[in-house]
Amino acid sequence: MASNPQLTVRNDTDAGQYELLAGDTMIGLAQYELGDGQIAFVHTEISPQVSGQGLGQVLVQAALDDARQRQLAVLPYCSFVRHYIETHPEYADLVPPIRRAAFGLPAVDPAIDPASA
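Take the position in the sequence shown, starting the count at 1, then add 558; the result is the number in this note's numbering.
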């Protein structure tokens, strides 16, 4: 999980969400549903007091890195997660190729074939 001196991302499996913590205070979450080797991200939220500081990106990157480590396919139903993957093509391979078009993502992995992106 991602961390720096002030921030930590943890996976609360009981709640089905990754949580972004500043010290002991939760300032963001990325809710998900697990099933059959996949993780469906359904909602991401950052506290209004800290919005606009790039903290959503910290949270989503840590969640996607964890999904990769756990070898889970990613279904980005959450628009924030989907946008993050669109703008960080190194994560596009986490979305199954057969499902990418449904999320508005390129069918071909741009990291493998940059000319086709």
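Each residue gets a CB set at the ideal place from its N, CA and C atoms; glycine is no exception.
Note that this is a predicted model, so its numbers are computed, not measured.
| Check | Outcome |
| --- | --- |
| Whole-number beta carbon distance between Q575 and A588, since they are thought to touch under 8 Å | 6 Å |
| Spatial neighbours of L663 in its chain, beta-carbon cut-off 7 Å, leaving aside the 5 residues before and after | I643, E644, A650, V653 |
| Proximity below 9 Å, CB of G581 to CB of L617 | no |
| Simplified DSSP assignment, three categories, for G612 | coil |
| Contacts around A621, its chain only, beta-carbon distance under 6 Å, and the 5 residues preceding and following it disregarded | Y576, A588 |
| Residue span of the alpha helix (DSSP H) that contains R657, given as start and end | 655-658 |
| Nearest-angstrom Cα separation, counted from M584 out to R568 | 10 Å |
| Option nearest E591 by Cα separation, candidates F661, T571, P606, V608 | T571 |
| Nearest to G612 (by Cα), restricted to the options A573, L578, R628 | L578 |
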